[in-house]
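For what it's worth, our numbering labels the leading residue of the sequence shown as 420, then goes sequentially.
We put the CB at the ideal spot given by N, CA and C, even for glycine.
Reviewing the structure listed below.
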Amino acid sequence: MEARRAFDDLVAFADVDPEKKLVLNHIAQIVAAGYAEFTVETRGEIEVRFTSGDIYLLGQASILRLA
């Protein structure tokens, strides 16, 4: 069920924006495959940590690379 939660949580973050939904769907697939993990921050952003060490912060209107 972890994979289903990844899809549901990430895709729900996209609201009704089809482009954002497409990107988040791909990220959810990466999470489900075990190449990344995500957490929902208190302000609503999503932090995605890839097994490669890269970290991204997904905001409502932007994606910021942290590391």
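Mind checking residue i: buried by the 16 CB within 10 Å criterion, or exposed?
i	result
Leu-485	exposed
Val-435	exposed
Leu-443	buried
Please report whether the beta-carbon of residue i lies at a distance below 9 angstroms from any beta-carbon of chain C.
i	result
Arg-484	Checking the listed chains, one finds no chain C in this structure; it contains a single protein chain.
Just to confirm before moving on: does the CB-CB distance between residue i and residue j stay below 9 angstroms?
i	j	result
Glu-460	Leu-476	yes
Look at the alpha carbon of residue i and the alpha carbon of residue j, and state the distance between them as a whole number of angstroms.
i	j	result
Lys-439	Ala-480	9 angstroms
Ile-465	Gly-453	17 angstroms
Ala-447	Phe-469	12 angstroms
Ala-431	Asp-473	23 angstroms
Gly-463	Gly-478	8 angstroms
Ile-536	Val-467	Any answer about residue 536 is impossible in this case: the structure gives the chain only from 420 up to 486.
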